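Per numbering that gives the first Met the number 0, the very first residue in the sequence shown carries number 0; after that it's consecutive.
Just so you know, even glycine gets a beta-carbon here, dropped at the ideal spot from N, CA and C.
Just so it is clear, the structure is predicted and the values come from calculations on it, not from any experiment.
One structure is given below, encoded as structure tokens.
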Amino acid sequence: MCRNIRPLYNFEPAATSEEVRAAALQYVRKISGFRAPAAHNAEAFSHAVDAVAEATAGLLATLEVRTAAPRRQAG
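Following this line, the structure appears as structure tokens:
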């Protein structure tokens, strides 16, 4: 697990779209092994980040929780 990806579910306030996208970017960086892709891979890299962010947002929207959401600490 990438240490920079923080849990995004069941916190108040809820995760923002920017936080979801940042987590998706970290995930794609981790599995691809590239911090920034070469120009010829930029489109594939961007598409992967978009797809992971969309899947993550969908997951967070459909999960059900049975406990109170803790407050997140800034930073």
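Between residue i and residue j, which are expected to be in contact by the criterion C-beta below 8 Å, what is the C-beta distance as a whole number of angstroms?
| i | j | result |
| --- | --- | --- |
| Ala52 | Val19 | 5 Å |
| Val27 | Ala47 | 5 Å |
If you check the beta carbons only, do residue i and residue j fall under 8 Å apart?
| i | j | result |
| --- | --- | --- |
| Ala14 | Leu7 | yes |
Can we count residue i as close to the ligand NAD, meaning its CB is less than 7 Å from some heavy atom?
| i | result |
| --- | --- |
| Val27 | By its list of ligands, the structure shown contains no ligand whatsoever, and the ligand NAD lies outside what it can speak to. |
Could you name the residues of the same chain whose beta carbon sits closer than 7 Å to that of residue i, not counting the 5 residues immediately before and after it, in chain order?
| i | result |
| --- | --- |
| Ala37 | none |
Among the options, whose alpha-carbon lies nearest the alpha-carbon of residue i?
| i | options | result |
| --- | --- | --- |
| Ile4 | Glu11, Ala22, Glu17 and Pro12 | Ala22 |
| Glu17 | Thr66, Leu62, Asp49 and Thr61 | Asp49 |
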